[in-house]
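Have a look at the structure below, then the notes.
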Amino acid sequence: MKLAILILVFLSIFPMNINAQTAEEFAAAWDKNHVSNILPSNVRHKDLQKYLENLKKLGVKVDEVGRSYAGREIHQIEWGKGATKIFMWSQMHGDEPTATSALVDMFTFLQNNRDKLAWVKKLENSVTIRAVPMLNPDGAELYQRRNLQGIDINRDARNLQTPEGRLLKKLRDEWKPEIGFNLHNQNPLTTVGKTPKQAAISLLAVSGNPKGATYAGHERNKRICSLMIAALDKFIAGHIGRYDDEYNPRAFGDRISEWGTPVILIETGALHGRDEMFLVKMNFIANLTALQSIVDGSEKRADAKVYENLPFNNSGNLYSFLFRKANIINYAESEIPFVGDVAINAERRCAETLSPVFVQEIGDLSVFSGLEEYDVSDYFLVSKTGRLKIGSPGEFLFYKKSRVIDWKAKDLEKKYAPDAVFSNGKWTKPLPPKASLKS
Ligand SMILES: [Zn+2]
20 MKLAILILVF LSIFPMNINA QTAEEFAAAW DKNHVSNILP SNVRHKDLQK YLENLKKLGV
80 KVDEVGRSYA GREIHQIEWG KGATKIFMWS QMHGDEPTAT SALVDMFTFL QNNRDKLAWV
140 KKLENSVTIR AVPMLNPDGA ELYQRRNLQG IDINRDARNL QTPEGRLLKK LRDEWKPEIG
200 FNLHNQNPLT TVGKTPKQAA ISLLAVSGNP KGATYAGHER NKRICSLMIA ALDKFIAGHI
260 GRYDDEYNPR AFGDRISEWG TPVILIETGA LHGRDEMFLV KMNFIANLTA LQSIVDGSEK
320 RADAKVYENL PFNNSGNLYS FLFRKANIIN YAESEIPFVG DVAINAERRC AETLSPVFVQ
380 EIGDLSVFSG LEEYDVSDYF LVSKTGRLKI GSPGEFLFYK KSRVIDWKAK DLEKKYAPDA
440 VFSNGKWTKP LPPKASLKS
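Those letters in the sequence shown? Residues 20 to 458, per this note's numbering, in order.
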């Protein structure tokens, strides 16, 4: 009884956690309570609808606001009752799903912590957030970038020929939010500046001015980006890039900024060895950091330089797999080996589908990096087709250089058992571990 009274007294003195939450606390909260439980690339429209049903059960407002070209429902989530209007939309490219799951986790967190965390209570009273998760449900269904008309919705901001693009513009124009969050995924082989490090997250405070001129809302967004970078740095330091900021009159991020809602672009890439859920967590941390900074005033004190000094995204310097110093035999053409590096890339597919891999480059690739690298200087590398070719599937046999092989033999693989086999992005018979330079 005494203990109960003590607890009651304690609760009345400290009714809520009044401190700002750290990135680590957001991460721990996600680890413990996230509700998205399907790998984002496997989330189809019906899965999203289940997530949204659960949000509704928690008391979050979810409405159908439009339909896709194929007639699939597009929903908007609304949370908060304050004056500052924040608009977020995800997956206008159907194969860019990470943020959709992160939004579901974010709203669940906000709704569940309204009476537990002071900053969330304050947020509820000072902002209204509207979010459209999965703006392109038809594309998401097929795991393709474009909508069912074959149009890239993010190049339709001027023509407005897609129902999804028209809806996005209508939702913005009728509500006139102060901040927009445009949520995408980028190529997993995107790198940070001159480093070979994957850009797991890239940010852009969109100007939306054809000449790139800045203004108050743009500067505010830069400061918010700085805080998101500081938060993400605790988990993915060196893996955060700045997205190209060239104005594109057909793109929604630019036009929505221009129409009066300065946009922050968040592009999720990949991080070798980490799965899609880890990137959902990074999005969750970034989103909540941004929201908290708006409500606790830290945005005003942040230094835009952290964002401005972020290295730009880079591409073309990183491959999925790099085989170094291979002794290449194109037995269909010649039995004389030549030495070269071989790079292959895996194409992006949803988690339930095997990613096809294709030869990307042959020759001196010493200036490039691979997510996985192998020293195959002691081996002959033979394509299963007998001729290594750009664009051919990455199906390789490896034979120790010391072996004598009749390359013209019929059923080469049967007659001479290879020492290692690489097929469809996997070692079906692995090289000895010492050959692995990086995996
Ligand atoms: Zn995109």
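Every residue, glycine too, gets a C-beta built ideally from N, C-alpha and C.
Annotation: the continuous alpha helix (DSSP H) that includes aspartate 315 extends over 295-315. Distances from the CB of glutamate 183 to the heavy atoms of ligand 1 are all 7 angstroms or more. From the listed residues Phe387, Gly184, Lys408, the smallest Cα separation to asparagine 333 is found for Phe387. Here asparagine 155 really is in contact with histidine 112; their C-beta atoms are around 6 angstroms apart, less than 8 angstroms. Set against 7 angstroms, the gap from the CB of histidine 112 to the closest heavy atom of ligand 1 is smaller.
In chain order, Phe45 place their CB closer than 6 angstroms to the CB of leucine 307, counting only its own chain and leaving out the 5 sequence neighbours on each side.
Residues Pro116, Thr117, Thr119, Ser120, Glu295, Val299 of the same chain have their beta carbon placed closer than 7 angstroms to that of proline 59, with the five preceding and five following residues left out of the count. With three or more CB-CB distances shorter than 8 angstroms, the segment 388-402 counts as touching the segment 338-356.
Beyond the five residues adjoining it in sequence on each side, valine 123 comes within less than 6 angstroms, by CB distance, of Ser55, Tyr70 in the same chain, given in chain order. DSSP, read as helix, strand or coil, puts lysine 324 in helix.
When secondary structure is reduced to three states using DSSP, leucine 187 falls in the helix class. In the same chain as phenylalanine 297, and ignoring 5 residues on each side of it, the C-beta atoms closer than 8 angstroms to its own belong to Leu290, in chain order. Secondary structure of tyrosine 350 (DSSP, three-state): coil. In the displayed model, alanine 370 falls within coil according to three-state DSSP, outside both helix and strand. Between the segment 92-106 and the segment 158-175, the count of Cβ pairs shorter than 8 angstroms is below three; the stretches do not touch. Judged by pairs of C-beta atoms under 8 angstroms, the segment 83-96 touches the segment 151-168, as three or more such pairs exist. Remark: C-beta atoms of arginine 320 and valine 395 do not approach each other more closely than 8 angstroms. The nearest non-hydrogen atom of ligand 1 is less than 7 angstroms from the C-beta of asparagine 173.
The C-alpha of valine 325 is placed about 47 angstroms away from the C-alpha of phenylalanine 417.
Beta-bridge partners of leucine 341 (DSSP): Ala362, Glu392. If one requires a minimum length of 4 residues, the alpha helix (DSSP H) runs lying completely within the segment 390-444 are 431-434, in chain order.
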